[in-house]
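Numbering (our numbering), first residue to last: 5 to 454. A virtual CB, placed ideally from N, CA and C, is assigned to each residue, including glycine. Predicted model, so just to flag it, every value in this text is computed and none were measured. Working notes, structure below.
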């Protein structure tokens, strides 16, 4: 009967690295530096012989790097016999190949193999899985959030997304809520959370920069005498000259309909400092805004900003869907009519497409350049005659994409409806804001934001 493997912390210099060190065991400076800083994270596999010498069976490269990095101890999994290493690998592989294995079980199995020193490429080869799938599973298992997600029965793809938000409990709870109630929107919500995180990071960086300059940040400002804070552009100095940015002692941070942050210079306590407004409010029967926005107008503007940000997130999800669609072996059903209809009914799709977007959709290699007239799709087509239908579909889809703006939901068009409906036919799940375009219902205009 085989003894249970035991984990020991041993001096790597005392271990015997047999002559069967793998051919690619050359140690790089970066690898040694990593071992020196972080140590050996995954145990090496070894067998203790009768003379008490410990022979490394798997993990020779890590052992040699640890010696060179002068690490005092590394984790070593001591197994019963040299044959035991192969037995462990064989047993795990057999478990992986069981048809009823869940993704969580499969990820656990990959993790077991990685712990005994089997690299991802070798795991993929032994199990018949793709290297990407193995690496993704190991990445999910390396995260507490990812492991919990797999144990909860979520798919590997969902678990991987959730690892992106490790430590962000609000985001994780929102994703879990979507999985429970509206799983079809998972990709859209995940992208929205990514974009929101990036937006918050940009906002925080902007605020930090202003504070470092000794500037105050105030909530709002205006152009007239009844405002507590006055925009520099609407202020005069005590001598009657127009105020400049140098007079600003505070900033208002605003977010436009694209979700972009900007800082506007203002003068706080302008009356006490001797400044005055440039303009008097005109009340002559116009529709000009008087005073601050009403709660209703604020709510409308909030909806406008939220929908535009959602549309921006949806664009990323949509393009990834097309890219995945065109990575398949067969072109999607009905592609012939889709492309000819686009060219004959929406000619701008063929004449104004973005070559970079199209090339990325078809999976072509894109190398940035300043060359005049650069079009990576054209370069791709010039290099190969393979799968021309895929390039044509990408061209048309990129043409449609160029016509869709962040606020296209405000004025739904037949052009965008045709495109989105075709993607839905091919399996795409539209976001709620894209559904506004598909349904063709024009929302009420927002006077405050128009």
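If you draw a straight line from the C-alpha of residue i to the C-alpha of residue j, how long is it?
i	j	result
residue 73	residue 123	21 Å
residue 32	residue 310	49 Å
residue 64	residue 150	30 Å
residue 182	residue 107	20 Å
residue 61	residue 326	46 Å
residue 264	residue 321	20 Å
residue 109	residue 100	8 Å
residue 273	residue 240	13 Å
residue 96	residue 119	12 Å
residue 434	residue 114	34 Å
residue 444	residue 162	31 Å
residue 379	residue 430	27 Å
residue 68	residue 42	15 Å
residue 209	residue 259	14 Å
residue 301	residue 308	10 Å
residue 420	residue 404	7 Å
residue 357	residue 415	21 Å
residue 160	residue 105	13 Å
residue 49	residue 13	12 Å
residue 26	residue 158	Interpretation of residue 26 is limited by its pLDDT of 36, a score under 50 that renders its predicted location unreliable; the figure taken from the coordinates is listed afterwards. Roughly 37 Å separates the two Cα atoms.
residue 393	residue 423	17 Å
residue 417	residue 350	11 Å
residue 328	residue 205	29 Å
residue 347	residue 432	22 Å
residue 11	residue 47	8 Å
residue 172	residue 198	11 Å
residue 266	residue 226	16 Å
residue 353	residue 388	23 Å
residue 52	residue 179	48 Å
residue 217	residue 428	50 Å
residue 56	residue 76	19 Å
If residue i sits next to residue j, beta carbons under 8 Å apart, how far is it from one beta carbon to the other, in whole angstroms?
i	j	result
residue 410	residue 316	5 Å
residue 71	residue 16	5 Å
residue 117	residue 140	Incorrect: roughly 15 Å between the Cβ atoms, too far for contact.
residue 459	residue 398	For residue 459 there is no data in the structure shown, the boundaries of the chain being 5 and 454.
residue 20	residue 59	5 Å
residue 111	residue 154	5 Å
residue 79	residue 36	That pair is no contact at about 18 Å.
residue 3	residue 268	Absent from the structure is residue 3, since the part of the chain shown begins at 5 and ends at 454.
residue 222	residue 270	6 Å
residue 385	residue 413	Actually they do not touch by this definition, with Cβ atoms about 33 Å apart.
residue 246	residue 279	Not confirmed; about 11 Å, so no contact.
residue 408	residue 319	7 Å
residue 1	residue 134	The question about residue 1 has no answer, for the chain in this structure spans 5 to 454.
residue 402	residue 362	4 Å
residue 254	residue 220	4 Å
residue 83	residue 66	At roughly 16 Å, the Cβ-Cβ gap does not stay under 8 Å, so residue 83 and residue 66 are not in contact.
residue 177	residue 147	So it is not a contact: roughly 16 Å between Cβ atoms.
residue 331	residue 282	Contact doesn't hold; Cβ gap of about 58 Å is too wide.
residue 196	residue 314	6 Å
residue 381	residue 390	14 Å between Cβ atoms; not a contact.
residue 224	residue 256	6 Å
residue 130	residue 93	7 Å
Which residues does DSSP list as the beta-bridge partners of residue i?
i	result
residue 269	255
residue 233	272
residue 11	81
residue 52	58
residue 280	240
residue 226	234
residue 246	240
residue 221	255
residue 21	60
Taking only beta-carbon atoms, is residue i less than 7 Å away from chain D?
i	result
residue 423	As a matter of chain content, chain D is missing from the structure shown, which is built from one protein chain.
Worksheet item: Where in the stretch 106 to 181 do unbroken runs of the alpha helix (DSSP H), each at least 4 residues long, occur, reported from the N-terminal end onward?
Response: 107 to 119, 124 to 131, 135 to 145, 148 to 155, 160 to 167
Item to complete: Mind listing, in chain order, the continuous alpha helix (DSSP H) runs of no fewer than 4 residues lying wholly within the stretch 410 to 444?
Response: As far as the stretch 410 to 444 is concerned, its whole alpha helix (DSSP H) runs of at least 4 residues are 418 to 429, 436 to 443.
Discussion item. I'd like the ranges of any alpha helix (DSSP H) spanning at least 4 consecutive residues and lying wholly in the stretch 178 to 218.
Written reply: 190 to 216
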